[in-house]
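**Q** Residue numbers (my numbering): 112 to 372.
(1) If I measure Cβ to Cβ from residue 291 and keep anything under 7 Å in the same chain, skipping five residues before and after, which residues do I get?
(2) For residue 365, tell me which candidate among 227, 352, 359 has the shortest Cα-Cα distance.
(3) Taking Cβ to Cβ, would you say residue 163 is nearer than 7 Å to residue 345?
(4) According to the Cβ coordinates, are residue 157 and residue 194 closer than 7 Å?
(5) Please check the pair residue 244 and residue 280, which I expect to be a contact at CB under 8 Å, by giving their CB distance rounded to whole angstroms.
(6) Could you tell me the distance, in whole angstroms, from the CA atom of residue 114 to the CA atom of residue 362?
(7) Please report how far the alpha carbon of residue 137 lies from the alpha carbon of residue 204, in whole angstroms.
(8) Nearest-angstrom Cα distance between residue 320 and residue 268?
(9) Around the Cβ of residue 219, are there at least 16 other Cβ atoms within 10 angstroms (buried) or fewer (exposed)?
(10) Assign residue 120 to buried or exposed, taking buried as 16 or more other Cβ atoms, counted over all protein chains shown, within 10 Å of its Cβ.
(11) Rounded to the nearest angstrom, what separates residue 176 and residue 298 at their Cα positions?
(12) If residue 263 and residue 278 are in contact, beta carbons under 8 Å, what's the gap, nearest whole angstrom?
(13) Run through DSSP, which three-state label would residue 224 get?
(14) Would you tell me roughly how many angstroms separate the C-alpha atoms of residue 358 and residue 273, rounded to the nearest one?
(15) Using CA coordinates, which residue listed in 331, 160, 301, 337 is at the minimum distance from residue 202?
(16) Taking the DSSP output, what are the residues bridged to residue 300?
(17) Just mark residue 192 as buried or exposed, buried being the case when its beta carbon has 16 or more other beta carbons within 10 Å.
(18) What does DSSP give as the partner residues of residue 159 in its beta bridges?
(19) Helix, strand or coil, according to DSSP, for residue 309 in the structure here?
(20) Roughly how far, in whole angstroms, is the beta-carbon of residue 339 from the beta-carbon of residue 330, given that I think they are within contact range, below 8 Å?
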């Protein structure tokens with residue numbers, strides 16, 4: 112039976128090389144690292160949009176930038192209003208996040224726990240809240256989860272708790288906004304050799320005994336493909352979940368990890 116629902120036909124209107132032509136995206140945390148790769152990839156496929164982050168992009172970006180703390184709902188609402196002069200956003204990528212220092216449950220700093228949950232969870236919720244009311248049918252929301260959205264880590268209780276929560280936010284958002292034709296998903300990167308990860312590896316040498324290259328090689332060896340995912344790999348997965356190619360996918364977490372089985 113053919114489904115003539117306009118919410119579906121509109122979403123699948125274009126699957127060509129510039130399949131995001133006419134779309135407007137907001138990317139939080141889009142100034143550097145994985146977020147910057149996402150911005151470049153969406154723009155390359157025809158999307159327009161804007162970036163919200165704490166610091167301006169270090170290199171030229173195709174989209175305008177606004178400074179806002181994603182944990183501050185009022186600041187997020189104000190930034191979105193200022194960036195919406197050309198119309199509402201029909202795509203959101205919530206990429207802002209932090210990874211705390213290693214800790215065990217016995218020595219966890221509760222202030223650090225609160226900050227991690229605030230940025231990684233409240234920040235996603237605030238971003239969704241700031242755009243959801245005005246999103247038209249066919250819009251998409253993609254959050255950055257993690258392999259730790261479903262698995263634990265003895266040294267990262269705060270981070271694991273926050274990424275489990277992100278998955279819950281995405282699933283609930285998918286159910287709430289689905290009747291309006293809006294999809295919500297998340298990607299789950301494995302280790303990605305960004306500057307932030309390399310800095311964390313360097314800071315853990317005294318604990319792990321592994322220098323940077325050895326640590327990266329060990330992580331790569333744990334994958335089916337024998338390599339780590341890149342920021343571009345993650346950006347391509349976000350593109351897929353933001354595009355008509357995933358029109359029937361909502362409420363899910365897509366691993367981008369090289370096969371860490």
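For each residue, glycine too, the CB sits at the ideal point set by N, CA and C.
**A** To lay it out plainly:
(1) For the purposes of this step, residue 291 is taken as residue 180 along the chain shown, with counting starting at 1. These residues qualify, in order along the chain: 248.
(2) Locating residue 365 in the chain shown gives position 254, counting from the first residue. Selected option, being the one with the closest Cα: 352.
(3) Residue 163 sits at position 52 when you count from the first residue of the chain shown. Residue 345 sits at position 234 when you count from the first residue of the chain shown. Taking 7 Å as the Cβ cut-off, residue 163 and residue 345 do not qualify as a contacting pair.
(4) Stepping through the chain shown from its first residue, residue 157 is reached at position 46. Stepping through the chain shown from its first residue, residue 194 is reached at position 83. Going by C-beta atoms, residue 157 is not nearer than 7 Å to residue 194.
(5) In the chain shown, the residue the question calls residue 244 occupies position 133. In the chain shown, the residue the question calls residue 280 occupies position 169. About 17 Å; that fails the 8 Å criterion.
(6) Locating residue 114 in the chain shown gives position 3, where the first residue counts as 1. Locating residue 362 in the chain shown gives position 251, where the first residue counts as 1. In this prediction, residue 114 scores a pLDDT of 45, lower than 50, which makes its location untrustworthy; no coordinate-derived value is stated.
(7) On the chain shown, residue 137 is found 26 positions in, with the first residue counted as 1. On the chain shown, residue 204 is found 93 positions in, with the first residue counted as 1. Roughly 6 Å between the two C-alpha positions.
(8) Mapped onto the chain shown, residue 320 falls at position 209. Mapped onto the chain shown, residue 268 falls at position 157. Whole-angstrom Cα-Cα distance: 22 Å.
(9) Translated into the one-based positions of the chain shown, residue 219 becomes position 108. Looking at its Cβ environment, which holds fewer than 16 other Cβ atoms inside 10 Å, residue 219 is exposed.
(10) In the chain shown, counting from the first residue as 1, residue 120 sits at position 9. The predicted model places residue 120 with a pLDDT of 39, which falls under 50 and marks its position as unreliable; any figure quoted below should be read in that light. Exposed, because fewer than 16 other Cβ atoms sit within 10 Å of the Cβ of residue 120.
(11) Taking the first residue of the chain shown as position 1, residue 176 is located at position 65. Taking the first residue of the chain shown as position 1, residue 298 is located at position 187. So the two alpha carbons sit approximately 23 Å from each other.
(12) Position 152 of the chain shown, counting from 1, holds the residue named residue 263. Position 167 of the chain shown, counting from 1, holds the residue named residue 278. Residue 263 to residue 278, Cβ: 14 Å. No contact.
(13) Within the chain shown, the letter at position 113 stands for residue 224. Here residue 224 sits in helix by DSSP.
(14) By one-based count along the chain shown, residue 358 stands at place 247. By one-based count along the chain shown, residue 273 stands at place 162. Straight-line Cα distance between these residues: approximately 27 Å.
(15) Here residue 202 corresponds to residue number 91 of the chain shown, with the count starting at 1. The shortest Cα separation from residue 202 among 331, 160, 301, 337 belongs to 160.
(16) For the purposes of this step, residue 300 is identified with residue 189 of the chain shown, where counting begins at 1. In the DSSP output, where bridge partners are listed per residue, residue 300 has 367.
(17) Within the chain shown, residue 192 is the residue found at index 81, counting from 1. By the neighbour-count rule (16 or more Cβ atoms within 10 Å), residue 192 is not buried but exposed.
(18) Against the chain shown, residue 159 aligns to sequence position 48. In the DSSP output, where bridge partners are listed per residue, residue 159 has 135.
(19) Residue numbering aside, residue 309 sits at position 198 when the chain shown is read from its first letter. Looking at residue 309 - three-state DSSP - the assignment turns out to be helix.
(20) Walking along the chain shown from the start, residue 339 turns up at place 228. Walking along the chain shown from the start, residue 330 turns up at place 219. So it is a contact: roughly 6 Å between Cβ atoms.
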